[in-house]
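**Q** Residue numbers (our numbering): 10 to 266. Backbone N, C-alpha and C fix where the C-beta goes; we use that ideal spot for every residue, glycine too.
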């Protein structure tokens, strides 16, 4: 099955207002920047975004925030994006902060058909007890707070501990970026750019992947494939310019001697 689309615009066409979109990346590493730009151009709004963070003010998911296309975010990190923090604190954006490992496992569970799981992470904190501010009022008070989550005690390795129940995350659409992919959607990621990408793709009902290098089906070593094509519905081949257009959040260099 050939899953290659003629353009990023066609690949994101049909994503409706109000959709839940899982987006791969960590900071600006491995983000599907071309698909995000195409989603902005599509006009979709009132989106719920599931991603580790929301890019920076002028790149990545930050451009959707800037244009007020995002209603709610599930993330583990708010830093590096001033507009994200401003909208959240001003009550313009709902944000469900979740521990980073828990976010990864919630996505993995969603992609695996597991509805929920217990974890020790967050026990004894507002993550489990509730009260984390999801949305503020304009005056800075808390308008919507996280609810308390069920807990239970289990004996693990001979020690009884308390665990908190976390629910899986699934998304209407997933946008991811891969280093290499074939026309059947089998994907290979490179180093740290893998990050949340495979998890997001598996958790999306429809997964769209932009790839830096498109190769014929059958040429990838099966042992090298990080995400099988069964999880991917649409593939977009990036131009050399798009593939090379990568940014970093902070550049730190030594002063010249």
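#1: Just reading off the beta strand (DSSP E) that residue 97 is part of, what are its end residues?
#2: So the candidates are 170, 87, 232, 144; which of them puts its Cα closest to the Cα of residue 281?
#3: Going along the chain, which residues of its own chain have a beta-carbon closer than 7 Å to the beta-carbon of residue 75, five neighbours each way excluded?
#4: Taking only three categories from DSSP, how would you classify residue 115?
#5: Where residue 141 and residue 229 are concerned, what is the direct C-alpha to C-alpha distance, given to the nearest angstrom?
#6: Could you tell me whether the Cβ atoms of residue 102 and residue 109 are closer together than 8 Å?
#7: Based on the DSSP secondary-structure assignment, which residues constitute the bridge partners of residue 190?
#8: Below 8 Å, how does it come out for the region 179–194 and the region 237–246: are there three or more Cβ pairs, yes or no?
#9: Taking the straight line between their C-alpha atoms, what separation do you get for residue 86 and residue 59?
#10: Going by alpha carbons, who is nearest to residue 183 out of 20, 160, 104, 247?
#11: Residue 61: which of 138, 16, 89, 136 sits nearest, CA to CA?
**A** This is what the structure holds:
#1: Segment 91–98 is the alpha helix (DSSP H) holding residue 97; no beta strand (DSSP E) there.
#2: Nothing about residue 281 can be reported from this structure: the residues present for the chain run from 10 to 266 only.
#3: 66, 92
#4: helix
#5: 45 Å
#6: Contact flag unset, no.
#7: 196, 223
#8: Segments in contact, yes.
#9: 11 Å
#10: 20
#11: 89
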